[in-house]
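Asker: All residue numbers for the sequence shown refer to the numbering used here, where the first residue is 11 and numbers rise by one. We treat Cβ as the ideally placed atom computed from N, Cα and C, and that holds for glycine. Keep in mind it's a predicted model, so treat the numbers as computed, not measured.
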Amino acid sequence: MTTHGIGVSPGTAVGPTVVVSTVRITPPGDTTEDPALAEASVSAALEAVAQDMDVRAQRAPEAAKAVLEATATMARDPGLLQAAAMQIAEGHGPVDALHHAVEQYCGLLASLGGYMAERQEDLRDVFQRAGARLMGLPAPGVPTLTTPSVLVALDLAPADTATLDPAMVLGIVTEGGGVTSHTAILAAQLGIPAVVQAPGVMVAAPASVGLDGSTGEVVFNPSDEVAAALIERNERRVALQSRAQGPGRTRDGQAVQILANIGTVDDALRAAAADVEGSGLFRSEFLFLDRAEAPSVDEQVATYTKVFEAFGSRKVVVRTLDAGADKPLAFADLGEEENPALGVRGLRLQRVRTDLLDDQLIALARAREATGADVWVMAPMVATAEEAGWFTHRCRDAGLPMAGTMVEVPAAAIRSANVLAVCDFASIGTNDLSQYLFAADRMQGRLAPLLDGWQPALWDLIVATVRGAGGKPVGICGEVAGDPLLALVAVGAGITSLSMAVGKVGSVKAALAMHDAATCLAMLEAVLSASSPEAAKAAVLELVDDEIRSLLG
Ligand code: PEP
Ligand code: MG
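1) For the segment 222-249, which segments carrying the beta strand (DSSP E) assignment without a break, of at least 3 residues, lie completely within its bounds, in sequence order?
2) Do residue 488 and the ligand PEP come close, with the Cβ less than 8 angstroms from some heavy atom?
3) Please indicate yes or no: does the CB of residue 418 lie closer than 8 angstroms to some heavy atom of the ligand MG?
4) Just the Cα atoms here: how many angstroms apart are residue 118 and residue 331?
5) What span of residues does the beta strand (DSSP E) with residue 464 cover, start to end?
6) Would you say the segment 157-164 touches the segment 427-445, given that touching needs at least three Cβ pairs under 8 angstroms?
7) Would residue 551 and residue 495 be called neighbours here (beta carbons separated by less than 9 angstroms)?
8) For residue 403, is the classification buried or exposed, using 16 other Cβ atoms within 10 angstroms of its Cβ as the cut-off for buried?
9) Taking just the CA atoms, how far does residue 47 sit from residue 102?
10) According to DSSP, which residues form a beta bridge with residue 102?
11) CA-CA distance, residue 356 and residue 313?
12) How is the alpha helix (DSSP H) around residue 5 delimited, first residue to last?
13) What is the DSSP secondary structure of residue 428, reduced to helix, strand or coil?
14) When you compare the segment 237-256 with the segment 497-505, are there three or more beta-carbon pairs, one atom per stretch, that lie closer than 8 angstroms?
15) DSSP on residue 65, reduced to helix/strand/coil?
16) To the nearest angstrom, how far is the alpha carbon of residue 540 from that of residue 469?
17) Any idea if residue 362 is buried or exposed, counting beta-carbon neighbours within 10 angstroms, 16 or more meaning buried?
18) Per the contact definition of three or more C-beta pairs closer than 8 angstroms, is the segment 13-33 in contact with the segment 137-156?
19) The ligand MG and residue 391: does any heavy atom of the ligand fall closer than 8 angstroms to the residue's C-beta?
20) Less than 9 angstroms separating the beta-carbons of residue 334 and residue 358?
21) How about residue 442: is its Cβ closer than 8 angstroms to a heavy atom in the ligand MG?
22) List the DSSP bridge partners of residue 288.
23) Is residue 461 near the ligand ZN, going by C-beta to nearest heavy atom under 8 angstroms?
24) On the DSSP bridge assignment, give the partners of residue 271 in chain order.
25) Name, in chain order, the residues that DSSP records as bridge partners for residue 24.
26) Rounding to the nearest angstrom, what Cα-Cα distance links residue 420 and residue 446 in this structure?
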């Protein structure tokens, strides 16, 4: 059987599946007659969880390491075991006792507020894992893999995805999730082929699957023949990509900068080793997601210097801290908000915490001076020209020559002439731009059709942004940039740079190299004339080169 989801990270994978458990442990109301035995079993379960976290931390990228180490420390906290022992002494069984102990601790953490309050989720995760062990159930989240496998899940938490080992995870198929969720973004960053929104995959729970992360095709229990065809299609794709090397350009030679999205020093090293012209989006907040305290200027200088050195003379576009909503930074927490995605986030937060912004700009300027790198800086979540102008001044004061605006709020796209008049460049964040244009939460998998990059209304805003820019550079750094067909439409709209997960560079460059600028313009016109995303994609497919179409599945 074959099902179709949305491909979010290119490449094919065929292999045995491991279903990621979604079972939530609820305390069974157990009792005990043997307190010593119950306490020993709680102690063993907590230690096993801690050891599992240690192993994961060793393999995890820098950003996730500290979270996992902190979780291991929580599991080993003697106070937690003591609290459970007191519950056991009152007659509770091991699972119930641990649950009560964890909830007592959570109450304490909640009363401390801020960063400590956020640790409640980690502590409850300790209970889920230890509780599953005590009840003989599979642990929640991604199990430790012993053979290379394809993960099948309802959805994956970003923390789970960040700690995946690309050598063991052949691919990912989720029934939920969205194209612009940070889980999809992280999978692409790690180069793991992935499909989201694959209907029925959890119920079917096939023993093996074949998946194509470019087309979204998922085949349950594929025969050898089908598996071979999937792999052969990917080999043709790779061969096609190897013909398009060097700077991005259309068949008739129109230059389109192809850049990589990065979030950490490791990403920068990986991306800089690839055939890209720089980085068009350095998500700087990814460096500090698990920090309780703001990083010092010196620490930031050291990190940015490593990133700039990796890219040498190639440009690096740094997005200043985009804190808030799905990317909370504990040290920049302004307290609870009813609607964090519509709240004081991105540049709005930087204007409240100017100390954080100024420290970052000073650090960027120092790292730029030390390396002589081509550093561009841009602000997230800009809505008005006044905000864009304020940010530009701040950058100029810090000695940074290129200040830009991320176009993620429809107002900024519509009034791009005003916004671009007071900054040097724009980069369209299509992930958030779609979210705010369609009033559709990007974390809500069920709304994925509204967040489809083929929505004609999204292209109305992209065209408006370029039109108002008065010739200043306008790039795209959202997920749209990494889709080979949408990249062609973007070129038709006058976009001058495309920034994407490094794994997507090859197919985008190949698509560009096989189409001329006039075809790209015709594709844009087809999208603008369409009344639905399906009609837009179908019309563009009519204009696509046959060889590329045969690879689309
Ligand atoms: C975007 O919103 O399109 C974007 C590139 O930023 P992020 O995905 O990090 O919010
Ligand atoms: Mg964004």
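Answerer: So, from the data block:
1) 227-230
2) yes
3) yes
4) C-alpha separation (whole angstroms): 30 angstroms.
5) Here residue 464 belongs to no beta strand (DSSP E), and DSSP marks it neither H nor E.
6) Flag = no, the segment 157-164 and the segment 427-445 do not touch.
7) yes
8) That one is exposed.
9) 12 angstroms
10) 41
11) 21 angstroms
12) Here the chain covers residues 11 to 563 and nothing more, so residue 5 does not appear.
13) Look at residue 428 here: in three-state DSSP terms it is helix.
14) no
15) helix
16) Whole-angstrom Cα-Cα distance: 11 angstroms.
17) exposed
18) Because the criterion of three Cβ pairs below 8 angstroms is met, the segment 137-156 and the segment 13-33 touch.
19) yes
20) In this structure, residue 334 sits near residue 358, with a CB-CB distance shorter than 9 angstroms.
21) yes
22) 325
23) The ligand ZN is not among the ligands present in this structure, which contains only the ligand PEP and the ligand MG.
24) Its beta-bridge partners are 291.
25) According to DSSP, which records beta bridges pairwise, residue 24 is partnered with 220.
26) 7 angstroms
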